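Read the structure below first, then the notes.
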Amino acid sequence: QKEVEQDPGPLSVPEGAIVSLNCTYSNSAFQYFMWYRQYSRKGPELLMYTYSSGNKEDGRFTAQVDKSSKYISLFIRDSQPSDSATYLCAMSAESGANNLFFGTGTRLTVIP
Amino acid sequence: DTGVSQDPRHKITKRGQNVTFRCDPISEHNRLYWYRQTLGQGPEFLTYFQNEAQLEKSRLLSDRFSAERPKGSFSTLEIQRTEQGDSAMYLCASTVGGDEQYFGPGTRLTVT
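These protein sequence lines map, in sequence, to chains A and B.
Just so you know, we're using the working numbering here: the first sequence kicks off at 1 and counts up by one.
Just so you know, we're using the working numbering here: the second sequence kicks off at 1 and counts up by one.
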């Protein structure tokens with residue numbers, strides 16, 4: 001079993017829809033959670049960074065962490081065609097950890 | 001542009017040849033990471049440096065792979081006797097010590 005599981009999609013939504021992306025994990029030591037956006041043939045771009053359980057909002061993006069269920073989510077409101085990309089969740093056990101554990105990524109297409 | 005840069009962006013080589021990639025981290029970032037990403041997968045950790053010291057290597061990093069970071073600035077990743085299984089995107093990331101790793105655009109390696 002992989003430490004981080006993520007539905008690879010693909011996921012297609014109409015412009016303006018609310019998008020929900022999710023990851024589950026098995027290592028209860030994970031405390032730091034990130035979401036990256038990766039456009040085709042580009043490097044991952046950090047979108048959201050959260051610590052422990054709770055919600056964090058940044059513009060149209062909201063990250064949620066439920067450590068009791070080992071489940072994290074990223075919500076995108078009022079989705080735009082420019083949001084079309086692969087979204088990767090990543091996590092680590094310690095601050096300044098040596099490496100991140102990534103999900104496989106979910107490919108999202110927002111249709112105009 | 002003050003982000004992480006990588007060179008070359010794309011490398012095509014024949015099996016058995018040696019290749020070397022370069023990463024220039026964000027200025028003042030003391031930690032530098034190398035990851036490998038294959039199609040449809042998230043990045044997988046290879047190795048990381050704290051300044052010029054290589055502090056951890058993944059078991060994915062076979063003895064054909066070597067990485068250096070002389071003077072604690074740029075880093076190089078060399079693959080000797082390339083194999084077709086080495087075809088992947090090689091990503092470099094840097095951070096000033098926290099979990100917010102900033103990625104470069106990657107070097108896409110194709111081994112024919």
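Built from N, CA and C at the ideal position, the CB exists for glycine as well.
These figures come from a predicted structure and were not determined experimentally.
Mind pulling the chain B residues with CB within less than 9 angstroms of residue i?
i: LEU108(A); result: Chain B residues near LEU108(A): none, gap ~14 angstroms exceeds 9 angstroms.
Anything in chain B within Cβ reach of residue i, meaning under 8 angstroms, just list it in chain order.
i: PRO8(A); result: GLY40
Determine the chain A residues that contact residue i at a beta-carbon separation under 8 angstroms, and present them in chain order.
i: GLY104(B); result: GLY43
So with CB distances below 7 angstroms, who are the chain B contacts of residue i?
i: GLY103(A); result: GLY42
i: LEU21(A); result: The premise fails here: LEU21(A) is roughly 13 angstroms from chain B at the closest Cβ pair, so nothing lies under 7 angstroms.
Establish whether the CB of residue i and some CB of chain A are separated by less than 7 angstroms.
i: LEU91(B); result: yes
i: PHE45(B); result: yes
Would you say residue i faces chain B, with C-beta separation under 7 angstroms as the test?
i: LEU74(A); result: no
i: LEU88(A); result: yes
i: LEU46(A); result: yes
For the beta strand (DSSP E) holding residue i, just list the boundary residues, first then last.
i: GLY54(A); result: 54 to 58
i: PHE33(A); result: 32 to 38
i: ARG107(A); result: 106 to 111
i: GLU3(A); result: Where GLU3(A) is concerned, there is no enclosing beta strand (DSSP E), given that its DSSP letter is neither H nor E.
i: VAL111(B); result: 107 to 111
i: PRO10(A); result: Per DSSP, PRO10(A) belongs to no beta strand (DSSP E) and is neither H nor E.
i: VAL19(A); result: 19 to 25
i: THR50(A); result: 45 to 51
i: THR86(A); result: 85 to 92
i: LYS11(B); result: 10 to 13
i: THR62(A); result: 61 to 66
Pull up the CB-CB distance for residue i and residue j, whole angstroms please, since I reckon it's below 8 angstroms.
i: VAL111(B); j: GLU68(B); result: VAL111(B) to GLU68(B), Cβ: 22 angstroms. No contact.
i: PHE75(A); j: SER20(A); result: 6 angstroms
i: GLY85(B); j: GLY43(A); result: About 22 angstroms separates the two Cβ atoms, so there is no contact after all.
i: ARG31(B); j: GLN50(B); result: 6 angstroms
i: GLN64(A); j: GLU15(A); result: 23 angstroms between Cβ atoms; not a contact.
i: LEU38(A); j: CYS89(A); result: Checking the displayed sequence, the identity of residue 38(A) turns out to be Gln instead of Leu. With a Cβ gap of about 12 angstroms, GLN38(A) and CYS89(A) do not count as contacting.
i: GLU52(B); j: TYR49(A); result: Actually they do not touch by this definition, with Cβ atoms about 27 angstroms apart.
i: PRO43(B); j: LEU91(B); result: 5 angstroms
Segments assigned beta strand (DSSP E), at least 3 residues, entirely inside the stretch 20 to 103 of chain B
If we require 3 residues or more, the beta strand (DSSP E) runs fully inside the stretch 20 to 103 of chain B come out as 31 to 37, 44 to 50, 53 to 57, 65 to 68, 75 to 79, 88 to 95.
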